[in-house]
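Chemist: For the sequence shown, the working numbering begins at 175 and goes up steadily by one. Using N, Cα and C, we set each Cβ at its ideal position, and we do this for glycine too.
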Amino acid sequence: MELCVIGAGYVGLVTAACFAQMGNRVVCLERDHVRLARLRQGQCPIYEPGLAALLQEGRRSGLLSFTEDWEQALARAEVVFIAVGTPSQEDGSADLQHVLAVAESLGRQLPRPCLVVNKSTSPVGTVERIAAQIGSGLRERAVAFAVEVASNPEFLKEGSAVEDFMRPDRIILGSDSPVARERLQRLYAPFVRNRERVLCMSPRAAEFSKYAANAFLASKISFINELAGLCAQLEVDIEQVRRGIGSDPRIGSDFIYAGCGYGGSCFPKDVRALIHTAEQQGYQPTILRAVQARNAQQKTLLFKALEQHFGGFLRERRVAVWGLAFKPGTDDVREAPSLVLLEALLDAGVRVQACDPAALASVAALYAQAVSSGQLTLVEDPYTCAEGADALVLVTEWKQFRQPDFRHIRGLMRMPVLFDGRNIYDPSELSSLGYLYHGIGRPVVGHCKVTAA
Ligand code: UDX
175 MELCVIGAGY VGLVTAACFA QMGNRVVCLE RDHVRLARLR QGQCPIYEPG LAALLQEGRR
235 SGLLSFTEDW EQALARAEVV FIAVGTPSQE DGSADLQHVL AVAESLGRQL PRPCLVVNKS
295 TSPVGTVERI AAQIGSGLRE RAVAFAVEVA SNPEFLKEGS AVEDFMRPDR IILGSDSPVA
355 RERLQRLYAP FVRNRERVLC MSPRAAEFSK YAANAFLASK ISFINELAGL CAQLEVDIEQ
415 VRRGIGSDPR IGSDFIYAGC GYGGSCFPKD VRALIHTAEQ QGYQPTILRA VQARNAQQKT
475 LLFKALEQHF GGFLRERRVA VWGLAFKPGT DDVREAPSLV LLEALLDAGV RVQACDPAAL
535 ASVAALYAQA VSSGQLTLVE DPYTCAEGAD ALVLVTEWKQ FRQPDFRHIR GLMRMPVLFD
595 GRNIYDPSEL SSLGYLYHGI GRPVVGHCKV TAA
């Protein structure tokens with residue numbers, strides 16, 4: 175099929191590259207000149223396993239191209255995907271200005287009938303607004319064709335987006351039109367040999383499903399985090415409880431890992447937007463508000479624990495931070511728990527040494543002043559990062575941090591104190607190596623006398 179993908183961001187790029195891989199001709203429209211230039215040179219502008227190879231292949235086969243020119247992008251398109259950002263506005267609602275601007279351009283420029291598919295996460299009713307916007311453009315031009323609009327939310331996880339696209343657990347098609355459904359089913363057929371994974375529903379239900387999925391997953395995390403806080407007070411290890419409940423298939427073992435909070439470009443934004451939608455309807459989103467509040471508290475836990483450990487005297491302490499990305503496998507630090515910790519540590523006058531396999535550049539850009547003053551040091555090597563530290567804090571559970579040589583690290587640190595923000599280490603093993611171990615929702619294990627800074 176002839177496709178156009180509008181927006182070469184995270185979702186757009188993965189969508190374009192995967193459809194091209196299956197033999198479709200895809201033109202991707204991108205208005206950011208720097209990004210466009212990089213893409214045209216065959217460079218992948220984001221860190222996403224497998225994506226660079228797909229982009230190269232699309233370039234070699236000629237099936238994937240990039241342009242900033244609307245006319246060129248739409249010339250042959252049978253299906254147009256909208257994949258632009260819907261960031262949070264100040265009141266928490268999703269900002270639809272980019273989506274609606276695209277709809278306006280489509281109304282003005284579409285050269286022939288086609289199917290428009292919204293992939294951008296947008297509130298219920300957006301498909302109708304897109305259709306109205308395009309419709310008014312077509313009427314102004316007095317063209318004789320109609321354009322159908324469908325919703326097709328994405329469920330890609332950063333770090334495994336290509337894999338998720340290639341082997342989706344479900345594809346949601348939101349359209350009331352049998353023709354549109356059939357066309358999308360054909361397009362997705364190579365990705366879902368098992369047809370039961372394609373779920374057709376109304377556009378509104380599709381739009382809502384995306385928010386429901388993310389809000390539910392965020393709720394699972396905040397739920398376990400809430401119990402973790404209680405465990406900590408009752409001398410119970412949340413890790414044992416997690417295993418105790420996860421084996422019940424009704425509960426499931428995924429997304430019940432206690433930690434220092436969820437971040438990223440989706441959960442926080444989508445929970446906020448859903449709360450806003452509910453409030454607009456005069457409906458009280460009691461659970462969603464609690465999910466959000468618990469997560470905000472969770473992100474402050476590591477700093478509070480450090481503060482308590484040092485008796486409130488943090489100035490001039492050295493703290494090593496392992497992991498800055500909001501989760502492993504990405505360079506994305508949007509709404510990452512690491513940023514809340516860094517901010518508080520820097521404010522408290524702590525000297526921070528941090529490392530991350532992918533996100534150093536993003537953090538360096540955010541904290542340029544602290545980096546240039548020397549208060550924040552960003553290093554690549556976890557061992558160098560731990561040197562001279564009064565405490566080591568694990569924030570993001572990259573594989574590189576899973577089995578380090580803690581015997582060696584103990585000799586590098588000034589004080590062997592470990593704050594495990596993801597509960598990936600064995601407390602008894604660490605205490606036997608001489609560490610003082612703090613987890614999230616786990617009893618503190620080991621001893622360490624705090625000496626002056
Ligand atoms: C999420 C959804 O999973 C995906 O379907 C949707 O399309 C986009 O939003 P993503 O933001 O890439 O994907 O990250 P995900 O792997 O879901 O993790 C989100 C956050 O939750 C991370 O900060 C992670 O550390 C945290 N998390 C996850 C926990 O704290 N505990 C868990 O048990 C699982």
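Which residues in the same chain as PRO613 place their Cβ atom closer than 6 angstroms to its Cβ, once the five residues preceding and following it in sequence are excluded?
Modeler: Taking the first residue of the sequence shown as 1, we reach residue 613 at position 439. What sits at residue 613 in the sequence shown is Gly, not Pro. Excluding residues within five positions, the ones whose Cβ falls inside 6 angstroms are ASP594 and ASN597.
Chemist: Tell me whether GLY433, by its Cβ, gets closer than 7 angstroms to a heavy atom of the ligand UDX.
Modeler: For the purposes of this step, residue 433 is identified with residue 259 of the sequence shown, where counting begins at 1. At least one heavy atom of the ligand UDX is nearer than 7 angstroms to the Cβ of GLY433, so yes.
Chemist: Can you tell me whether DSSP reads VAL619 as helix, strand or coil?
Modeler: In the sequence shown, residue 619 corresponds to position 445, counting from 1. Three-state result, VAL619: strand.
Chemist: Please name the residue in ARG616, GLY615 and CYS622 whose C-alpha comes closest to that of SER606.
Modeler: Position 432 of the sequence shown holds residue 606. Here the closest residue by C-alpha is CYS622.
Chemist: Could you check where the alpha helix (DSSP H) with GLN307 kicks off and where it finishes?
Modeler: In the sequence shown, counting from the first residue as 1, residue 307 sits at position 133. Where GLN307 is concerned, the enclosing alpha helix (DSSP H) stretches over 300-315.
Chemist: Check the C-beta distance from LEU498 over to ALA533 and give it rounded, since I have them as a contact under 8 angstroms.
Modeler: Locating residue 498 in the sequence shown gives position 324, counting from the first residue. Locating residue 533 in the sequence shown gives position 359, counting from the first residue. Yes, LEU498 and ALA533 are in contact; Cβ-Cβ is about 4 angstroms, under 8 angstroms.
Chemist: From the DSSP output, read off the bridge partner residues of LEU566.
Modeler: To locate residue 566, count along the sequence shown from 1; it is residue 392. LEU566 pairs with ALA494 and LEU592.
Chemist: Given a threshold of 16 other Cβ atoms within 10 Å of its Cβ, counted over all protein chains shown, does VAL208 qualify as buried or as exposed?
Modeler: For the purposes of this step, residue 208 is identified with residue 34 of the sequence shown, where counting begins at 1. By the neighbour-count rule (16 or more Cβ atoms within 10 Å), VAL208 is not buried but exposed.
Chemist: Any contact between the region 178-188 and the region 344-352? By contact I mean 3 or more CB pairs, one from each, below 8 angstroms.
Modeler: Taking 8 angstroms as the limit for Cβ pairs, the verdict is that the region 344-352 does not touch the region 178-188.
Chemist: Rank ARG525, VAL254 and ALA268 by C-alpha distance to the C-alpha of CYS440 and give the top, closest one.
Modeler: Residue numbering aside, residue 440 sits at position 266 when the sequence shown is read from its first letter. Comparing Cα positions, the closest option is ALA268.
Chemist: Using the rule of at least 16 other Cβ atoms within 10 Å of the residue's Cβ for burial, across every protein chain shown, is SER325 buried or exposed?
Modeler: To locate residue 325, count along the sequence shown from 1; it is residue 151. Looking at its Cβ environment, which holds 16 or more other Cβ atoms inside 10 Å, SER325 is buried.
Chemist: Please report the distance separating the alpha-carbon of ILE419 from that of ALA560.
Modeler: For this step, residue 419 is matched to residue 245 along the sequence shown. For this step, residue 560 is matched to residue 386 along the sequence shown. Rounded to whole angstroms, ILE419 to ALA560 spans 35 angstroms at the Cα level.
Chemist: Select from VAL291, PHE193, PHE429 and ALA226 the residue whose C-alpha is nearest the C-alpha of ASN399.
Modeler: If you number the sequence shown from 1, residue 399 lands on position 225. Nearest option by C-alpha distance: PHE429.
Chemist: For TRP572, tell me which candidate among TYR457, CYS202, LEU237 and GLY333 has the shortest Cα-Cα distance.
Modeler: By one-based count along the sequence shown, residue 572 stands at place 398. Comparing Cα-Cα distances from TRP572 to each of TYR457, CYS202, LEU237 and GLY333, the minimum goes to GLY333.
Chemist: Pick from VAL545, ARG205, GLN482 and LYS478: whose alpha carbon is nearest that of VAL514?
Modeler: In the sequence shown, the residue the question calls residue 514 occupies position 340. With distances taken between Cα atoms, VAL514 lies closest to LYS478.
Chemist: Output the distance between the C-alpha atoms of ALA335 and ALA389, rounded to the nearest integer angstrom.
Modeler: Walking along the sequence shown from the start, residue 335 turns up at place 161. Walking along the sequence shown from the start, residue 389 turns up at place 215. Their Cα atoms are separated by approximately 19 angstroms.
Chemist: Taking SER396 as part of the alpha helix (DSSP H), name the residues at either end of that continuous run.
Modeler: To locate residue 396, count along the sequence shown from 1; it is residue 222. Start and end: 377-408.
Chemist: Does DSSP put GLY281 in a helix, a strand or coil?
Modeler: Here residue 281 refers to the residue found at position 107 when the sequence shown is read from its first residue. Of the three classes helix, strand and coil, the one that applies to GLY281 here is helix, per DSSP.
Chemist: In whole angstroms, give me the CA-to-CA distance for PRO373 and GLY620.
Modeler: As a first step, residue 373 is located in the sequence shown; it is residue number 199 there, counting from the start. As a first step, residue 620 is located in the sequence shown; it is residue number 446 there, counting from the start. Here the sequence assigns Leu to residue 373, which means Pro is not the residue at that position. LEU373 and GLY620: Cα-Cα distance of roughly 52 angstroms.
Chemist: Measuring only the C-alpha atoms, how far is LEU516 from PHE319?
Modeler: On the sequence shown, residue 516 is found 342 positions in, with the first residue counted as 1. On the sequence shown, residue 319 is found 145 positions in, with the first residue counted as 1. So the two alpha carbons sit approximately 55 angstroms from each other.
Chemist: Mind the definition here: the region 245-255 touches the region 191-202 only if three or more C-beta pairs lie below 8 angstroms; say whether that holds.
Modeler: Contact between the region 245-255 and the region 191-202 is present, because at least three Cβ pairs lie under 8 angstroms.
Chemist: Leaving out five residues on either side along the sequence, give the residues of the same chain with a beta carbon under 8 angstroms from the beta carbon of LEU312.
Modeler: Taking the sequence shown and counting its residues from 1, one reaches residue 312 at position 138. Taken in chain order, the residues that qualify are GLY281, LEU284, PHE319, ALA320 and VAL321.
Chemist: For LEU552, tell me which candidate among SER546, GLN527 and PRO531 has the shortest Cα-Cα distance.
Modeler: Here residue 552 refers to the residue found at position 378 of the sequence shown. Closest by alpha carbon: GLN527.
Chemist: Under the assumption that GLY438 contacts ASP506 (Cβ atoms under 8 angstroms), give the Cβ distance between them as a whole number of angstroms.
Modeler: As a first step, residue 438 is located in the sequence shown; it is residue number 264 there, counting from the start. As a first step, residue 506 is located in the sequence shown; it is residue number 332 there, counting from the start. Contact flag correct, Cβ pair sits at about 7 angstroms.
Chemist: If you drop the 5 nearest sequence neighbours on each side, which residues of the same chain put their C-beta closer than 8 angstroms to that of TYR541?
Modeler: The residue labelled residue 541 in the question sits at position 367 within the sequence shown. Excluding residues within five positions, the ones whose Cβ falls inside 8 angstroms are LEU516, LEU520 and LEU550.
Chemist: Suppose only complete runs of 3+ residues qualify. What are the beta strand (DSSP E) ranges in the region 211-293, listed by chain order?
Modeler: Within the region 211-293, the complete beta strand (DSSP E) runs of at least 3 residues are 238-241, 253-256 and 289-292.
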